[in-house]
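Taking it in order: structure first as structure tokens, then the write-up.
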């Protein structure tokens, strides 16, 4: 079984997130990590996987293009951070198939534009997804939360201490790899808990 | 009359689902199976056929393409699982015509993207369909159910024991053919019952 | 005046539907039949013509195409079933013009996809149409009826005996020409009565 | 000043509609008639011009095309019926400009498809228009009227005697030129009165 | 400072509108007039500029094209009427930039189609605009006003004497240049006052 | 750390906005300024960055094109004004990436058209944005504020003294560089405070 042997981080409620960051190369087998994420989501969570995608900007003259550079997947206990290669490699199919899974709901913040780009630029289709800000706006009757980023959305719904996340993100350019991974884990955990809260 | 001679599975309410999995080859006549599904749906059900489609990922450079690989059709008592060949064969027309039937309503979960792909990639049009999550969200006044996968949607509406399904899906990569067929039958049965419930 | 000299069928309320099925050939003059439908609809009905269209599936490699193969037109007393030729023939213009009539409202079930295909594939525009399921959903406050086929929609609104229709449709592949025509007449009559009911 | 020297017709409320039918030829000057319509609409009406457009079906293989063949313009006292030539002639610009007028609101029934075709096929844009069925549906709280043709819409709102119109339209193929003009005048007058009623 | 030295007109409430009509030639500097409009709108009004655009119809075979021929800009005290040349001239950039201003809201009636044509045919984007009929419909709860032209919309909201405008517009083809300018000024003034009323 | 060494301006509530205007050249490193904006927004604000973009009009025949010429970014204490070069330079990628940030919500007025142009003309995607006028319209129940420019929107929500802004904008063509920068700072500050108000 895949080992999430990256650093672990303690959240403000003392829960623990185990992380794994992978630079995907042609020979990397990511399927065990995806299976472990799936398993954790089925057994411990509510079949929700919080995800976020990151784009690299490439430019041609006055135009810029976007290429999927990283993917973050979070469950109750795990956070997987995948850095994608510049060229398509065959093992990425595992990721593409994972996104098409109907077993789980992929939960994201401000993902509308991402979903369009994923399909247009890479042909990736996320089958079962939830724009959680829109749902929160309806469920709570507060239209503004539809337009917030992950941190502010969580702040509105969970009202928990955000100082660690703020501290890392305010000095993002100077942050080290582990700090950035911690910020990713915190954001994933926050949205996971927002989703959990909205379910009740 | 077509014989559903695959394994049968007992559901949590002791009802019985008879299955049939077919690898479609050029010489396979699928029409008797489709006729039997239709007949079962007309006589025993409420003219609803629960369906799900599965896609294979093919890739060209940084882009991926999707090809319809399997179709699942479920009624009250039957579950038909069709694996499609890579190349179009003439007998698939029977399936395409079946999807265009106006006698029944095809019921699915998170099917919006599927319907687009079916039309764009294969020219298949499902005439009379129902995105059951959307309906459940309106009928129950709980917006979140629109965004759930089959299992969570059923969990919210039916509150029945899901441990067998969870057990199979959490170890999907290691599951055998019969276990996967059982999971397919359970999911079909769950959605069938959600639909039934929403009708009342 | 055109003679509807096909078989007549008795409905469950003892009303009588006179039918006519025509295989359109280049020399067939369909206009007298369309005129008679129009006249019946103006004098006896509420200017509603229930219609249904049927498609033939043609395939090219992994793609399929649809070609209009038949059209059903129903009024209070009449049911006209037109089988169209493979090639466009000049007399079909009468049908195309008939669909563009503004004297009447064309009433159908689950016709959204049909209307798109009629325009895209054949340039046919139905000027004044009504998707009756959507209307029924609004008028009755029961969202589910928007998604039902003709039989189930009628079942929800009219609650009349459907055994004859079920009997024919459950064994569709084995049904004879007259049985199929009777099923067509019954479905037309059912939707006509749903429309009538919703008007009150 | 343009002379509406076609037949005049008495409506069921004893009001009088003066008509003019014109076959437009390259030398025909239609602007005086349009000016008179405009003047009547400004002084006697509520700046509403009821319009209807008619299409000719032309076919190429399995596809059909539509070409604007006639236009009907109705005010409180006048009904102008213009038959257009097959080829574009310069004097049609007067009609195109008339449609773009912002002085008045053009009122029609089931015109959505017409507006698209007018723009796509002929580049004609009606600047200020009103789909009266949609408005009536909202104003009266009866969703069904959105989907009705002119006669049934008027029937629902005005409840006046329609026997003369029914008599002509039920035998449309056998109707003479004057009868058809009378039907056009009656339909125009009906919609004009529906609009008037909805204003109050 | 630009001089609005065209005729001035007295409105029904005794307010005074000073006008300027300009035939734009390659050497015409329109920017001082636009600056004066902007200044008037900032100091005396509520940052609203009422605008209207006029199109010339050009035809190719059965199709017609539209070319922006004139623009009307109205504030509380001023009405500027610009007639544009057939060919693009460099000084028109001042107008294009003016339309993109974010200092003010451009207010129009039935402008949806205009905005599309401005962008498609001339690449002009009005940044901050208001379709006042739609707003009035919502604000007053009277759906019909969304579909009215400028005069009728103003009539519904302001109920002031329209006889001068009616008198000019009913005989539009015979109206002289000054009468037409007066009608333009009156319409601009009416909409300006409708906007003012809706603000309160 | 980047130094905002442009002029500082006092707002009507005595708060102070420090500004920086940069003409971007190929060798300019804008990332420290963007980092400082981000940091200020994380620590002092509510993770909102108010932005505005400005376009240059270029024309080809009767058509005009738009090119992004400047960008304004405002936080609680800072206002950064970037003038972009005609040609794409590599350092602009920093700005493009900044716009794609998910840490913050980009807040703008009447930005719908801007967002489309940013994507179409330059491939720039703002990931997390808020059209504040729309939100204010919903939150306050006053539909008109959706359509207002920055100054009028702020006027409706904040009711503070606008005379300095009015004074500069009414004489815009004659305004000097510092006055224009002050107007930019005031507008940014106004919208920042509108957002702040709507949050409560």
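Chains as they are written, first to last, in this note's numbering: chain A, 1 to 200; chain B, 1 to 200; chain C, 1 to 200; chain D, 1 to 200; chain E, 1 to 200; chain F, 1 to 200.
Backbone N, C-alpha and C fix where the C-beta goes; we use that ideal spot for every residue, glycine too.
Notebook entry, point to check: Are the CB atoms of residue 114 of chain C and residue 53 of chain C nearer to each other than 7 Å?
Noted result: yes
Next item on the list: Kindly list the residues whose CB is nearer than 6 Å to the CB of residue 137 of chain C, restricted to its own chain and excluding five residues on each side of it in sequence; keep chain order.
Entry: 143, 145 and 146
Check: Taking the beta strand (DSSP E) that residue 84 of chain D falls in, what are its first and last residues?
Finding: Element bounds for residue 84 of chain D: n/a, residue is neither H nor E.
Check: Does any heavy atom of the ligand FMN sit closer than 6 Å to the C-beta of residue 78 of chain E?
Finding: Judged by which ligands are present, the structure shown has none, so any question about the ligand FMN falls away.
Next item on the list: With DSSP as the reference, label residue 148 of chain F as helix, strand or coil.
Entry: coil
Next item on the list: Since I believe residue 127 of chain A is in contact with residue 101 of chain A (beta carbons under 8 Å), could you give me their beta-carbon distance rounded to a whole number of angstroms?
Entry: 7 Å
Next item on the list: Have a look at the DSSP bridge pairing and note the partners of residue 183 of chain B.
Entry: Looking at the DSSP assignment, residue 183 of chain B forms no beta bridge with any residue, so it has no partner.
Next item on the list: Report the neighbours of residue 201 of chain F on chain E: residues whose CB is nearer than 7 Å to its CB, in chain order.
Entry: The question about residue 201 of chain F has no answer, for chain F in this structure spans 1 to 200.
Item checked: Any 3 or more C-beta pairs closer than 8 Å across the stretch 172-190 of chain A and the stretch 8-20 of chain A -> yes
Note to self: Assuming contact is defined by CB atoms lying nearer than 7 Å, are residue 132 of chain F and residue 192 of chain F in contact in what I supplied?
What the structure shows: no
Note to self: Counting C-beta neighbours from all protein chains within 10 Å, is the total for residue 149 of chain A 16 or more, i.e. buried, or is it exposed?
What the structure shows: buried
Item checked: Nearest-angstrom Cα separation, counted from residue 32 of chain F out to residue 70 of chain F -> 18 Å
Check: What's the C-alpha gap between residue 179 of chain A and residue 168 of chain A?
Finding: 7 Å
Checklist line | Simplified DSSP state of residue 197 of chain E, which is helix, strand or coil | finding: helix
Check: Taking just the CA atoms, how far does residue 188 of chain D sit from residue 15 of chain D?
Finding: 13 Å
Checklist line | Cross-chain neighbours of residue 148 of chain A in chain F, by beta carbon under 7 Å | finding: 105
Next item on the list: Determine the closest residue to residue 106 of chain C out of C:124, C:87, C:88 and C:130, with distance taken between C-alpha atoms.
Entry: C:130
Check: If you drop the 5 nearest sequence neighbours on each side, which residues of the same chain put their C-beta closer than 7 Å to that of residue 162 of chain E?
Finding: 151 and 155
Margin query: If distances are taken between C-alpha atoms only, which option among B:28, B:72, B:79 and B:63 comes closest to residue 5 of chain B?
Written below: B:79
Next item on the list: Give the range of the beta strand (DSSP E) segment to which residue 16 of chain A is assigned.
Entry: 16-23
Next item on the list: Just the chain B side, please: which residues come within less than 7 Å of residue 199 of chain A by C-beta, in chain order?
Entry: 144
Next item on the list: Please specify which runs of the beta strand (DSSP E), each continuous and at least 3 residues long, are wholly inside the stretch 42-118 of chain E, giving them in chain order.
Entry: 48-60, 63-74, 78-83 and 105-108
Notebook entry, point to check: Residue range of the alpha helix (DSSP H) that residue 170 of chain A falls in?
Noted result: 163-170
Check: Tell me which same chain residues have a C-beta within less than 7 Å of the C-beta of residue 214 of chain C, skipping the five on either side of it?
Finding: What is shown of chain C runs 1 to 200, which leaves residue 214 of chain C out entirely.
Check: Between which two residues does the beta strand (DSSP E) carrying residue 6 of chain E extend?
Finding: Taken as a continuous stretch (DSSP letters only), residue 6 of chain E belongs to no beta strand (DSSP E), as it is neither H nor E.
Next item on the list: Measure the alpha-carbon distance for residue 99 of chain B versus residue 153 of chain C and round it to whole angstroms.
Entry: 19 Å
Check: Should residue 86 of chain A be labelled buried (16 or more other beta-carbon atoms within 10 Å of its own) or exposed?
Finding: exposed
Next item on the list: Alpha carbon to alpha carbon, how far is residue 77 of chain A from residue 190 of chain A? Give it in angstroms, no decimals.
Entry: 12 Å
Notebook entry, point to check: Given residue 88 of chain C, which residues of its chain have a CB within under 6 Å of its CB, disregarding the five upstream and five downstream residues?
Noted result: none
Notebook entry, point to check: Residues in its own chain within less than 7 Å of residue 157 of chain A by CB, not counting five upstream and five downstream?
Noted result: 136, 194 and 197
Next item on the list: Please name the residue in C:175, C:110 and C:39 whose C-alpha comes closest to that of residue 174 of chain D.
Entry: C:39
Check: What in chain F is Cβ-close to residue 152 of chain A, meaning under 8 Å?
Finding: 46, 47 and 105
Note to self: Taking the alpha-carbon of residue 55 of chain F as reference, which of F:111, F:49, F:42 and F:27 has the nearest alpha-carbon?
What the structure shows: F:111
Note to self: Taking 7 Å as the threshold (beta carbon to beta carbon), is residue 39 of chain C in contact with chain I?
What the structure shows: No chain I appears in the structure shown, which is made up of the protein chains A, B, C, D, E and F.
Margin query: Checking 7 Å against the spacing of the C-beta atoms, do residue 108 of chain C and residue 64 of chain D come in under that value?
Written below: no
Checklist line | Contact check, residue 96 of chain F vs residue 42 of chain A, beta carbons under 7 Å | finding: no
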